[in-house]
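First up is the structure itself, then whatever we jot down about it.
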Amino acid sequence: MDGGRSPGSAERRRAYRAAMRRHGLRDGQRVIAGGHTERSGTEAGRLLLAERDAGTPLPAAVLAGNDRSAMGLLMALTRAGWRCPATSPSSGRNRTTLLGGGAGEGANRAGSMV
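Residue numbers for the sequence shown follow full-length UniProt numbering, beginning at 1 and rising by one.
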């Protein structure tokens with residue numbers, strides 16, 4: 001899930017795509033447009049669930065643009081009965097207190113995944 005037009009989002013999308021290509025995962029890459037809000041994450045989760053219901057499996061993992069959108073995604077998936085992260089790991093970028101980390105604690109740890 002990307003951060004839409006937010007500062008740094010275009011750069012992160014390019015880095016993600018480059019990293020996926022570098023590791024031979026070009027076919028597995030996908031970017032879902034969105035923003036840096038819980039609502040955006042929830043909408044992305046609902047999209048993934050609708051696609052699952054149409055026969056497309058959920059992704060093995062999701063890297064969100066920030067913790068707020070990751071939280072929205074987790075809410076949508078858990079409401080649908082998925083056990084996160086056991087079923088489909090999700091990670092944000094900020095490690096805010098929403099997901100149990102303090103601001104600056106392990107700063108940008110998920111960003112190193114890209």
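All C-beta atoms, glycine included, are put in the ideal place defined by N, C-alpha and C.
A quick note: this is a predicted structure, and the numbers were derived from the prediction, not measured.
Distance between beta carbons of R39 and G72, contact taken as under 8 Å = By 1-based counting over the sequence shown, the position of residue 72 is 72. By 1-based counting over the sequence shown, the position of residue 39 is 39. At roughly 6 Å, the Cβ-Cβ gap stays under 8 Å, so G72 and R39 are in contact.
Exposed or buried, M113, counting other C-beta atoms within 10 Å across all chains shown (16 or more means buried)?
-> Indexing the sequence shown from 1 puts residue 113 at position 113. Reliability fails at M113, whose pLDDT of 33 lies under 50, so the model's placement of it is uncertain and the value that follows must be treated cautiously. Exposed, by the Cβ-count rule.
How long is the line joining the alpha carbons of A35 and L47, rounded to whole angstroms?
-> In the sequence shown, residue 35 corresponds to position 35, counting from 1. In the sequence shown, residue 47 corresponds to position 47, counting from 1. Note on identity: in this sequence residue 35 is Gly, with Ala being the wrong assignment. Each residue's Cα considered, the two are about 14 Å apart.
Answer with buried or exposed for E11, where buried requires no fewer than 16 other C-beta atoms within 10 angstroms of its C-beta.
-> Along the sequence shown, one-based indexing puts residue 11 at 11. So E11 ends up on the exposed side.
Beta-carbon proximity list for A76, same chain, < 6 Å, skipping 5 on both sides | Here residue 76 refers to the residue found at position 76 when the sequence shown is read from its first residue. Closer than 6 Å at Cβ, skipping near neighbours: T42, G45, R46.
Report the three-state DSSP secondary structure of L25 (helix, strand or coil).
-> Numbered from 1 along the sequence shown, position 25 holds the residue referred to as residue 25. Coil.
Cβ of A64 within 7 Å of Cβ of M1?
-> For this step, residue 64 is matched to residue 64 along the sequence shown. For this step, residue 1 is matched to residue 1 along the sequence shown. For A64 and M1, yes; Cβs fall inside 7 Å.
Tell me whether L58 sits in a helix, a strand or coil according to DSSP, three-state version.
-> Counting from 1 along the sequence shown, the entry for residue 58 is found at position 58. Coil.
Burial state of D53 (16 or more Cβ within 10 Å) = Start at 1 with the first residue of the sequence shown, and residue 53 comes out as number 53. Result: exposed.
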